[in-house]
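Asker: Each residue of the sequence shown is one higher than the last, beginning at 159 in the numbering used here.
One structure coming up, written as structure tokens, with questions to follow.
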Amino acid sequence: MGKTERAVSQTSLNTSFDDDQWELFDTQADYAEAHNVAKQYPEKLKELQALWWKEANHLSDPAVIKPGEMLYKFNRMDDGLND
């Protein structure tokens with residue numbers, strides 16, 4: 159992995175953040191983010207998850223507020239979050 163890693167999390171409505179599905183992409187080699195490499199680089203994913211939580215705690219207290227149904231009502235993307 160180079161210096162262009164990107165971790166992405168998906169949260170479903172009414173689920174715990176512990177159940178989030180994380181993906182990891184090497185955007186230098188895979189600009190379209192088509193190949194999830196989280197299984198090949200679990201330590202890098204853990205590192206980026208820890209960084210995400212550190213920044214979330216720094217920027218907000220509590221770190222994350224669970225979005226309500228109203229937010230999901232306006233999510234018109236076919237991303238599986240409305241299932």
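Note that CB positions come from ideal geometry on N, CA and C, so glycine has one too.
Contact defined as beta carbons within less than 8 Å: I believe W180 pairs with A190. What is the distance between those atoms, to the nearest angstrom?
Answerer: Actually they do not touch by this definition, with Cβ atoms about 18 Å apart.
Asker: Is L182 helix, strand or coil when you go by DSSP?
Answerer: Correct three-state label for L182: strand.
Asker: In three-state DSSP terms, what is Q168?
Answerer: In this structure, Q168 counts as strand in the three-state DSSP scheme.
Asker: Under the assumption that L243 contacts N194 (Cβ atoms under 8 Å), give the Cβ distance between them as a whole number of angstroms.
Answerer: Summary: the structure shown does not reach residue 243, with the chain confined to residues 159 through 241, and so no result is reported for it.
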